[in-house]
Amino acid sequence: MDQALDNRLDNRLDHKATRHTLVLFGVTFALAVLASPVFVLYELLLGAFGLVFTGMLTRGREGTKARAATVVFAGLLAGSLPYLAAAPFVS
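Quick note: the sequence shown uses this note's numbering, first residue 824, plus one each step.
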């Protein structure tokens, strides 16, 4: 019985963490898309280097801070990509 209760609590915590991660990514992505016409190249570089740096830094550690940093840099990188994809067709 204790094992079943532990499994239910773990699933609830996993769903909560997933929801928080998705919200953080969505907010970062939206802010990056809004700021991208001006800062598209800076966001691209910051997002790419940030993902590489956090990947190297958090290789041995797992935690909420490491996950949050990775999600923020991924949101920055993803927010700059629509403008880079549309750039050849606009000019």
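Glycine residues also receive a C-beta, built at the ideal position from the N, C-alpha and C atoms.
Keep in mind the model is a prediction, meaning the values are calculated, not measured.
Check, Outcome
"So, under 8 Å CB-CB, F848 and G886 are touching, yes? Tell me the CB distance rounded to an integer number of Å.", "Contact flag wrong, Cβ pair sits at about 17 Å."
"Rank A840, L868, A891, K839 by C-alpha distance to the C-alpha of G902 and give the top, closest one.", "L868"
"Using a Cβ distance threshold of 8 Å, determine whether the stretch 871 to 878 contacts the stretch 849 to 857, with at least three qualifying pairs required.", "no"
"Skipping 5 residues on each side, what residues in its chain have a beta carbon closer than 7 Å to that of L900?", "L867, G870, A871, L874"
"Using 8 Å as the threshold, is the C-beta distance between T797 and A892 below it?", "No information on residue 797 is available, as it lies outside the stretch 824 to 914 that the chain covers here."
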